[in-house]
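Enquirer: The opening residue of the sequence shown carries number 19 in the working numbering; numbering runs sequentially from there.
Heads up, the beta-carbon is just placed ideally off N, CA and C, and yes, glycines get one too.
Being a predicted model, the structure only gives us computed values, none of them experimental.
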Amino acid sequence: MQEFNFQINVDEASYALVHYEGDEKVVSVPDTYAKKPVTIIADKVFAGHSEIESIHLPDSVTDLGEFVFDGCENLKQLELPRSLERLWGYTFVRCGIEQVILPDSLQAIPPFAFKDCKHLKKVVGGTGLKKIYAWAFGGCDKLQTLEYRSAPDISPAAFESKALNT
């Protein structure tokens with residue numbers, strides 16, 4: 019069973035996914051709702067859904083809210099939308115992803131975005147990545163590699179003194 023609830027955005031041209039109810043291992047968020055694109059995944063939508071192993075997000079998504087994947091400890095596979103522009107703080111906190119490839123459209127990794135992702139080993143930044151804020155990868159004990167094409171501005175506290183192969 020999968021049930022999605024949407025809310026019209028301020029622009030009235032798109033929708034936000036504001037609630038998910040389900041128990042499936044594989045989740046696929048619809049591309050549209052009421053013939054308009056889904057552009058925002060709101061705060062805490064998938065939080066606590068430890069049964070989720072894989073999520074498909076539509077390429078129309080530009081924003082991922084706070085705590086969206088909090089506690090999704092079995093989430094191993096997630097392809098981020100090509101149009102993703104913003105992560106809000108704590109987006110992936112305490113989730114099980116092992117590797118993430120950031121789209122070229124994402125310019126910054128906010129504070130605590132990947133906090134306590136205990137299985138995260140590798141992050142590949144897109145061409146648009148310009149800033150990595152403090153504590154973005156705090157508690158990511160297995161993080162070994164951060165790849166990027168052009169050097170972003172990285173806060174000295176981004177990794178909580180974790181040594182990386184960059």
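1) With DSSP as the reference, please indicate the residues paired to A34 in a beta bridge.
2) By a C-beta neighbour count over all protein chains shown, 10 Å radius and 16 as the cutoff for buried, is H67 buried or exposed?
3) Could you have a look at T184 and say whether DSSP puts it in helix, strand or coil?
4) Using DSSP with H/G/I as helix, E/B as strand and the rest coil, what is S68?
5) Could you name the residues that DSSP lists as bridge partners for L164?
6) Below 6 Å CB to CB, which residues in the same chain sit around K62 once its five sequence neighbours on both sides are set aside?
7) Beta-carbon within less than 7 Å of F132's beta-carbon, same chain only, minus the 5 sequence neighbours each way: which residues are those?
8) Looking at the unbroken beta strand (DSSP E) that takes in Q95, where does it start and where does it end?
Expert: Reading off the structure:
1) Position 16 of the sequence shown, counting from 1, holds the residue named residue 34. Looking at the DSSP assignment, A34 forms a beta bridge with Q25 and I58.
2) Counting from 1 along the sequence shown, the entry for residue 67 is found at position 49. Buried is the call here.
3) Mapped onto the sequence shown, residue 184 falls at position 166. With a pLDDT of 48 at T184, under the threshold of 50, the modelled position of that residue is not reliable, and no figure is offered here.
4) Reading the sequence shown from its first residue, position 50 is the one you call residue 68. S68: coil per DSSP, three-state reduction.
5) Indexing the sequence shown from 1 puts residue 164 at position 146. Paired residue(s): V141.
6) Counting from 1 along the sequence shown, the entry for residue 62 is found at position 44. Result list for K62: F85, in chain order.
7) To locate residue 132, count along the sequence shown from 1; it is residue 114. Taken in chain order, the residues that qualify are F110, L138, A154, F155 and C158.
8) In the sequence shown, counting from the first residue as 1, residue 95 sits at position 77. Element bounds for Q95: Q95 to E97.
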